[in-house]
Structure formats: C-alpha cells, structure tokens
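Residue numbers (the numbering used here), protein chains in the order written: chain A, 1 to 92; chain B, 1 to 568.
Built from N, CA and C at the ideal position, the CB exists for glycine as well.
Just so you know, these numbers come straight off a predicted model, no measurement behind them.
See below for the structure under consideration.
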Amino acid sequence: MTVRVKLFATLQELAGISEIYIEADDVMSVLEQLVLKFGNLKNEIFEDYDRRKVRPRVKVMVNGYNIDHLQGFETRLIDGDRVAVFPVLAGG
Amino acid sequence: MTELKARYEEVPEKWKNLGGRGLTSTIVSEEVPPTCHPLGPNNKVVLAPGIVTGTSAPTSGRISVGGKSPLTGGIKEANAGTNFAQKLAKLGIKALIVQGQSKDKYYLLKITKDKVEFFDAKPWVGKGLYEVYPQLRENFGKDVAICATGIAGELGGAGAGVAFNDIDGLPSRYAGRGGLGAVMATRGLKFIVVDDEGAPGVEIKNRDLFKEGTKKLTAALQKHDITKPGGTLNSYGTDALINVINEAGALPHRNFSAGYDELAPLVSGEKKAEIIKKRGGERPHVCSPGCIIQCSEVWVKEGGKDPVGVLEYESVWALGPNCGIYNLDDVGELNRACNDLGLDTIEMGGTIGVAMEGGIVKFGDGKGALCLLEEVRKKSPLGRIIANGTEFTGKAFGVTRIPTVKGQSIPAYDPRPIKGIGVTYATTPMGADHTAGYAIAPEILGVGGKADPMDTKKADLSRALQQSTAFIDSSGYCLFTAFAIMDIPEGFEGMVESCNGVLGTTWTVDDAVKLGAKILETERKFNKAAGLTRAHDRLPEFMRLEPLPPKNVVYDVPDAELDRVYPD
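Next comes the structure, spelled out in structure tokens:
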C-alpha cells in the first residue's frame with residue numbers, strides 16, 4: 001500500500017522533509033521504514049528499536065484519527081491513507 | 001475615575017487568600033451590578049496578579065483583568081503574561097479596582113511605591129500603541145511596565161483587549177478577550193504605568209514550603225516533553241499546533257467552513273521558526289522574567305525589521321486560515337494592526353472571517369483584511385462595526401454562520417470533530433474560550449490522559465478541566481504549566497505547596513480544585529443574575545446543521561450532556 005506520511009516538529013526538522021510516500025501495510029511498518037530512510041529518527045521514535053517499543057511521546061494519526069482510538073500500531077493501511085507522525089506538542 | 005482619586009485599602013479577610021481570576025471574579029461579583037451596562041458608570045475594571053506572581057516561582061508572571069464583558073454580557077476574566085503583573089505584585093498590590101467614569105478626557109495612572117498619580121493622557125490618545133509605548137517609557141522611565149487600551153477601546157468596541165508590554169517593551173501581551181479594553185477606556189483610563197523601584201516585594205509566609213513547592217514544579221516543567229528546555233513549546237511555540245489540528249480535520253478554514261486545508265503548513269510553527277531564524281527574529285523568547293518554558297518569540301519583517309512580538313497559534317489561525325490567508329507576512333501585519341489598535345486577535349480573526357463571508361472582502365485577501373482593521377484607526381462607521389467583534393459584524397452583514405458562544409468568537413479548534421472542547425465553549429461562564437477547560441489536551445494531544453475526540457460524553461471531563469483551570473488562573477502560574485502537572489502529579493502538588501508557602505495556607509490538591517469550583521460558582525451566579533440562561537450554554541446552530549469536511553461530522557453532543565456540566 002502506498003501511503004502519504006507527514007512529519008511534524010522535531011521529526012520534520014531531523015528528517016529534513018515534511019512528507020514522503022511510503023509502501024506499508026500498517027503503522028508500525030511506516031515507523032520502521034522511516035527509521036530505515038532517516039537513521040537519525042531511530043532514537044526519536046523508538047525507545048527500543050529491536051523490541052519495536054515506540055516512545056510514548058510519539059503520536060500518530062491516520063486520516064486525522066489518533067491511532068490510540070484505532071488499532072494502535074497495528075492499524076491497517078490502504079492505498080492513499082494519510083499518516084501523520086509527530087512528537088507530543090501543545091499550544092493554546 | 002469620576003473624582004480622579006486613588007486610595008489604598010487593606011485587603012479584607014475574606015479576600016486575603018485569593019489572587020488572579022479568583023480575586024477579580026469575586027470583586028466583580030460583589031461590586032458590579034450584574035445588569036449594569038458594561039460601558040456605563042457602574043461597571044469596574046479589576047486587575048489582579050496571581051498568588052505567587054512577583055516571587056521567584058517559575059513561569060508565574062500572570063495578571064488577570066476582570067469586569068462585566070460588553071461582548072458576552074456576563075462576567076469576564078482575561079489574563080496575560082507580562083512583567084506588569086510582577087511589578088504590581090512587588091508593590092504589595094493584590095488588586096487594582098478602577099471605578100467611576102471621567103467624562104471629559106482620558107487619563108494615565110502612574111503607580112510607584114510612594115504614590116498614585118493621574119496624568120492627562122491627551123498626547124497619546126488616538127495613536128497606535130507601537131508608537132505610544134516608547135514615548136511612555138521616555139516620559140515615565142525606561143523600566144516601567146505599561147498597561148493600555150487602544151483606539152478600539154476609545155470606540156467602545158467589544159473586541160478591544162487590554163494590552164501589556166513584553167520584555168522588550170512591545171505592546172504584544174494581551175488580556176485580549178471579552179472587550180475589557182472598552183470597559184477600561186470608558187472609565188476614562190487609557191494607560192497604567194507601574195514603576196516598582198524600591199518595592200518591598202511579595203510577602204512569603206513559609207519560605208521553606210514555598211521553596212519545596214517551586215522545586216517540585218520546576219522539576220516537572222523541566223521533565224515534561226512539552227514544557228522542558230528544547231521541548232516542543234520552547235522550539236516551535238504554540239503555533240506548532242497548526243499542522244496537528246489541521247491534520248485532525250479541526251482547524252477552522254474560511255469562517256469555519258472546512259477543517260483541513262493543504263495550505264496550512266505555510267503558516268505552521270515549523271515554517272515560522274524557520275523564517276524567524278533566517279530573518280534574525282528571536283525564538284525562544286519570554287513574555288515575562290522567570291519563565292522556564294519560554295514559548296514566546298519575536299516575529300520580524302524581511303531584513304529583521306519592525307518587530308511585532310509573538311504570533312501565537314490562536315492569532316495565526318484567526319488571522320490566517322480562518323480568513324483563507326496562508327501567508328505569514330500577511331498574518332504578521334494583521335497581528336501588528338491588532339496589537340497597535342488594541343484589538344483581540346481571536347475576535348478580529350472571527351470578525352474578518354464573517355466580513356469575508358458577507359462579501360466585504362474576499363477570503364484570502366490579506367491586504368483587504370488589513371484595510372478592514374485600518375477602518376478602526378479611522379474611527380469610520382465600518383471600523384466601529386469591526387471593533388465590535390464577530391457577532392456584531394456578522395449581523396451587520398447578514399451572515400448566519402457566526403462562530404460565537406455568548407457573543408464571543410470561537411477559538412482555533414472546530415468542536416464538530418472534537419466534542420469535549422465544544423462542551424467547554426458552550427458551558428464556561430466566559431463565552432467561547434478554549435483556555436477555560438482545554439479538552440484538546442486529552443482529546444488530541446494525549447496529555448492528561450486519553451479521550452476519544454468523537455465520544456460525546458464529555459461533561460465530566462470539561463467540568464474537571466474548568467475547575468482546575470480556574471485555580472491555575474488564580475495561582476499566577478501560566479496555564480501552560482498544566483501540560484506538565486496533568487501528567488506529573490508531583491508538579492501539581494508543588495504548585496499548591498508554593499501557593500501555601502506564600503499565603504500560609506494548608507491547601508491540598510483537592511482543596512485547590514474545590515477553590516476552582518467555587519470560583520466558577522461565583523461566576524455563574526453573576527451570569528445568571530445578568531440574564532444568561534441555559535439557552536446561552538449552546539454552540540451556534542450551524543454547527544449542528546452543517547457537516548464539517550473532511551470528517552463530515554456535525555456537533556452532536558446532546559443538550560442534556562451540556563447541562564450536566566453544571567446541573568444546578
């Protein structure tokens with residue numbers, strides 16, 4: 001599946017791009033491929049890459065819905081899905 | 001102001017443990033007749049620093065401004081971060097109550113440790129605040145702090161805010177909401193200048209407890225990913241939310257007609273930080289001394305010229321996407337005009353949005369939007385309409401999609417896909433105000449727990465947030481400390497302990513929340529007496545009728561759930 005991945009805040013700055021198209025079937029696969037493409041995101045996204053433990057501060061939305069309210073990192077993706085990955089942030 | 005007299009009064013026993021919003025709302029509810037005309041002789045403006053403001057407590061330079069709002073018809077508290085708050089607190093002033101009306105002219109009030117003096121404000125009336133602030137420092141001392149109402153206030157505009165200086169002296173820190181600038185101006189008061197030289201400082205009853213409390217809170221702020229040095233607030237400012245809220249389909253575009261637009265990244269915090277760095281503006285920056293979050297910044301024009309001050313998320317959204325404008329230079333100039341004229345940026349974004357909907361200027365026309373604000377400077381009939389805010393302007397131009405609650409413009413989160421923030425907009429005594437109970441934290445940001453934004457059962461969440469917020473607004477701490485203390489309980493304990501240290505009280509965290517609940521009760525009582533009913537605790541009808549793309553949802557929280565927030 002080809003999905004459109006958007007990076008915000010520090011993840012955008014470290015990767016040097018704001019978005020990229022990635023082949024992936026689920027959210028975890030997106031994160032893994034981001035690390036393969038941008039090595040400097042590894043420690044930003046994963047607490048323990050070998051065990052695929054994602055840092056709690058990393059947030060993911062699929063088509064505008066937080067994966068906490070979908071199937072988490074196992075959320076399945078289809079062609080054309082929009083996946084946003086960003087560190088916890090706030091404003092007001 | 002009627003007699004041009006100032007006097008000091010001892011703080012009554014019943015008020016001695018109050019500060020900030022708790023104190024302004026209590027004084028307003030006791031001293032202002034709820035049915036009075038907000039711009040008439042019986043209204044008052046009350047300014048009160050928070051409980052710990054003026055001490056070494058971190059991120060605590062807040063001042064609350066209160067009165068009866070000409071925008072909502074109810075009680076109003078708006079607050080800002082500025083060293084004005086700290087200087088007033090250091091002079092030992094718990095609250096400044098401005099009452100009566102000078103009918104003939106405007107005055108400037110100068111407060112020092114020895115006296116309060118009135119000066120004729122004529123040389124600075126009818127002028128923009130970016131021009132006036134340096135002149136006031138030249139006349140009254142380079143280190144004075146300044147509070148002002150602008151040209152919009154002179155018009156009695158319900159969109160007029162109360163301006164304060166940032167640390168560079170720019171008129172960019174606002175207690176913006178609810179039209180309190182108009183209440184101040186109609187007292188005949190244009191400026192307040194505070195010089196704290198030789199001030200005694202804030203009395204701290206239990207220094208050890210204060211120190212222990214601030215240590216815990218500081219540790220929490222420095223640990224949390226949002227508030228720590230190099231954290232997201234520090235690195236990108238509040239505007240980092242543009243991309244995230246747009247992604248969630250809840251960033252209102254073109255007068256609340258869409259929740260997502262591909263152009264939003266052009267005005268994002270990421271983009272802004274990049275431009276500020278390139279142009280030689282400042283990022284990070286502080287609104288007041290002693291802030292350890294440092295979310296502020298100084299936006300400048302090309303070549304590093306003409307600093308505006310901060311462009312907050314709310315201001316960028318209001319004057320940007322809500323008006324179909326995706327150019328940060330246009331947004332910067334609109335923000336400058338608001339600061340210069342004494343206007344609330346959120347209210348003006350809503351106002352320009354409905355004016356565009358009404359066909360006065362086209363969506364996306366940044367220069368046209370600026371011309372609308374310049375009408376306020378001219379004091380033209382159109383300018384008078386604009387200065388009165390979103391609801392007034394929408395009515396003037398026959399618009400039905402008017403995004404207000406209790407007459408106050410809805411901020412930068414469309415509640416259709418985020419139900420809990422809508423519950424806060426509808427039920428807070430303040431009129432539509434995201435800061436009154438920031439449900440976005442658990443609903444979108446995963447801070448302070450996780451709540452599904454589409455779940456309609458949000459009365460308990462909103463009520464709890466409104467109560468804790470009312471306490472924080474009274475403490476003197478910036479509301480952004482909440483991000484850390486919602487996730488790190490020791491931080492909240494430290495906040496309460498630092499208040500206990502100053503006051504000599506023995507509050508627990510539960511007591512603090514109860515104090516917040518009591519403040520809300522006081523405010524709601526005032527609103528009821530002013531004529532506000534449950535019918536006012538509702539979102540505008542169009543939000544229940546028009547699905548918001550791209551999620552295509554309407555606001556569907558039942559009225560019974562809204563009424564469950566305050567069942568009495």
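Compare the Cα-Cα distances from residue i to each of the options and report the closest residue.
i        : options                                   : result
B:TYR107 : B:TRP124, B:LYS115 and B:LEU515           : B:TRP124
B:LYS211 : B:PRO58, B:LEU319, B:TYR477 and B:VAL144  : B:PRO58
A:LEU7   : B:ASP306, B:MET495 and B:LYS271           : B:LYS271
B:ARG177 : B:SER315, B:GLU117, B:VAL502 and B:SER268 : B:SER315
B:MET348 : B:VAL310, B:GLY309, B:GLY364 and B:THR390 : B:THR390
B:GLN101 : B:ARG538, B:PRO38 and B:PHE84             : B:PRO38
B:LEU189 : B:GLY420, B:ASP168 and B:LYS105           : B:LYS105
B:LYS113 : B:THR35, B:CYS36 and B:VAL193             : B:VAL193
B:SER474 : B:GLY516, B:MET486, B:THR508 and B:ASN335 : B:GLY516
A:GLU74  : A:ALA90, A:LYS53 and A:LEU11              : A:LYS53
B:PRO252 : B:GLY350, B:SER235, B:ASP329 and B:LYS216 : B:GLY350
B:ASN527 : B:GLU333, B:TRP15 and B:CYS36             : B:CYS36
B:ARG207 : B:ASP563, B:GLY230, B:LEU503 and B:ARG283 : B:LEU503
B:PRO321 : B:LYS305, B:GLU262, B:THR505 and B:ARG564 : B:GLU262
B:GLY72  : B:ALA439, B:PRO12 and B:GLN408            : For the sequence presented, residue 72 of chain B should be read as Thr rather than Gly. Ranking B:ALA439, B:PRO12 and B:GLN408 by Cα distance to B:THR72 puts B:GLN408 first.
B:ALA89  : B:MET543, B:TYR313 and B:VAL52            : B:VAL52
B:LEU373 : B:ASN335, B:LYS205, B:GLY531 and B:ILE488 : B:ASN335
B:LYS305 : B:GLU333, B:GLY213, B:ILE292 and B:GLN294 : B:GLU333
B:GLU31  : B:LEU217, B:MET430, B:THR506 and B:GLN99  : B:GLN99
B:LEU109 : B:VAL244, B:LYS127 and B:ASN139           : B:ASN139
B:SER69  : B:SER29, B:LYS94, B:THR55 and B:GLY54     : B:SER29
B:THR218 : B:GLU490, B:VAL399, B:ILE167 and B:PRO549 : B:GLU490
A:ASN19  : A:ASP25, A:PHE38 and A:MET28              : Inspection of the sequence shows that residue 19 of chain A is occupied by Glu rather than by Asn. If we check each option's Cα against that of A:GLU19, A:PHE38 comes out closest.
B:ARG254 : B:LYS278, B:SER380, B:ALA318 and B:THR469 : B:ALA318
B:MET454 : B:ALA95, B:GLY448, B:ARG463 and B:ILE444  : B:ILE444
B:LYS5   : B:LYS205, B:LYS142 and B:ARG187           : B:ARG187
B:PRO134 : B:ALA182, B:LEU520, B:ASP168 and B:ILE204 : B:ASP168
Kindly give me the distance between the Cβ atoms of residue i and residue j, rounded to whole angstroms, as I take these residues to be in contact under 8 Å.
i        : j        : result
B:PRO411 : B:ALA432 : 7 Å
B:PHE397 : B:VAL361 : B:PHE397 to B:VAL361, Cβ: 11 Å. No contact.
B:GLY570 : B:GLY342 : This structure gives no information on residue 570 of chain B, because the portion of chain B shown stretches from 1 to 568.
B:GLY259 : B:LYS551 : 7 Å
B:ALA185 : B:VAL376 : Their Cβ separation, rounded to whole angstroms, is 13 Å, which puts B:ALA185 and B:VAL376 out of contact at 8 Å.
B:LEU595 : B:GLU497 : As shown, chain B starts at 1 and ends at 568. That puts residue 595 of chain B outside it, with no answer to give.
B:VAL513 : B:PHE471 : 6 Å
B:SER288 : B:GLY81  : 5 Å
B:CYS147 : B:VAL162 : 6 Å
B:ILE331 : B:VAL267 : Here residue 331 of chain B is Val; the residue named in the question, Ile, does not match the sequence. B:VAL331 to B:VAL267, Cβ: 6 Å. Contact.
B:GLY128 : B:ASP340 : 4 Å
When DSSP builds the beta bridges, which residues end up paired with residue i?
i        : result
A:LYS53  : A:ASP48
A:VAL76  : For the sequence presented, residue 76 of chain A should be read as Arg rather than Val. Paired residues: A:ASP26.
B:TYR8   : BP columns for B:TYR8 are empty, so no partner.
B:GLY299 : Position check: residue 299 of chain B holds Trp in this sequence, whereas Gly was assumed. Bridge partners of B:TRP299: B:GLY309.
B:ALA163 : B:ALA148 and B:TYR174
B:GLY504 : BP columns for B:GLY504 are empty, so no partner.
B:SER64  : B:ALA48 and B:ASN79
B:LYS110 : B:GLU117 and B:VAL193
A:ARG82  : A:ARG4
A:PRO87  : A:VAL58
B:ALA258 : B:HIS253
B:HIS285 : B:SER296
A:ASN66  : A:MET61
Any heavy atom of the ligand NAD within a distance shorter than 8 Å of the CB on residue i?
i        : result
B:ALA535 : In terms of ligand content, the structure shown is empty, and the ligand NAD therefore cannot be addressed.
Curious, which full-length alpha helix (DSSP H) runs of at least 4 residues does the stretch 166-235 of chain B contain?
Counting whole runs of 4 or more residues, the stretch 166-235 of chain B contains the alpha helix (DSSP H) stretches 180-185 and 207-223.
Taking only beta carbons into account, state which residues of the stretch 476-495 of chain B come closer than 8 Å to chain A, listed in chain order.
Identification of residues in the stretch 476-495 of chain B having a C-beta nearer than 8 Å to some C-beta of chain A yields LEU479, PHE480 and PHE483, given in sequence order.
Identify every run of the alpha helix (DSSP H) within the stretch 403-446 of chain B, keeping only runs that are complete inside it and at least 4 residues long; order them along the chain.
419-427
Residues in the stretch 292-322 of chain B with C-beta within 9 Å of chain A's C-beta atoms, listed in sequence order?
So the close ones are CYS295, GLU312, TYR313 and GLU314.
With 8 Å as the C-beta to C-beta threshold (strictly closer), list the residues of the stretch 229-246 of chain B near chain A in chain order.
THR232, LEU233, SER235, TYR236, GLY237, THR238, ASP239, ALA240, LEU241, ASN243 and VAL244
Chain-ordered residues of the stretch 537-554 of chain B with a beta carbon less than 9 Å from chain A:
PRO550 and LYS551
Uninterrupted alpha helix (DSSP H) stretches inside the stretch 456-498 of chain B (no shorter than 4 residues):
459-475 and 481-487
Can you give me, in chain order, the residues of the stretch 49-62 of chain A that have a beta carbon less than 7 Å from any beta carbon in chain B?
From the stretch 49-62 of chain A, only ARG57, LYS59 and MET61 have a Cβ closer than 7 Å to chain B.
Listed from N- to C-terminal order along the chain, which residues in the stretch 268-279 of chain B have their beta-carbon within a distance smaller than 7 Å of any beta-carbon of chain A?
GLU270
Interfacial residues, the stretch 443-459 of chain B to chain A, with Cβ spacing under 8 Å
ILE444, LEU445, GLY446, VAL447, LYS450, ASP452, PRO453 and MET454
Using a beta-carbon distance cut-off of less than 7 Å, what residues from the stretch 213-227 of chain B approach chain E?
Of the protein chains in the structure, A and B, none is chain E.
Return the residues of the stretch 12-40 of chain A that lie within a Cβ-Cβ distance of less than 8 Å from chain B, sorted by chain order.
GLN12, GLU13 and SER18
Output the residue ranges of the beta strand (DSSP E) runs that lie fully inside the stretch 339-392 of chain B and measure 3 residues or longer, sorted by chain position.
none
Output, in sequence order along the chain, the residues in the stretch 429-442 of chain B whose CB is closer than 9 Å to any CB in chain A.
HIS434, THR435, TYR438, ILE440 and ALA441
Which of the residues in the stretch 174-186 of chain B, read from start to end, lie with their CB under 8 Å from any CB of chain A?
Taking 8 Å as the Cβ-Cβ cut-off against chain A, none of the residues of the stretch 174-186 of chain B qualify.
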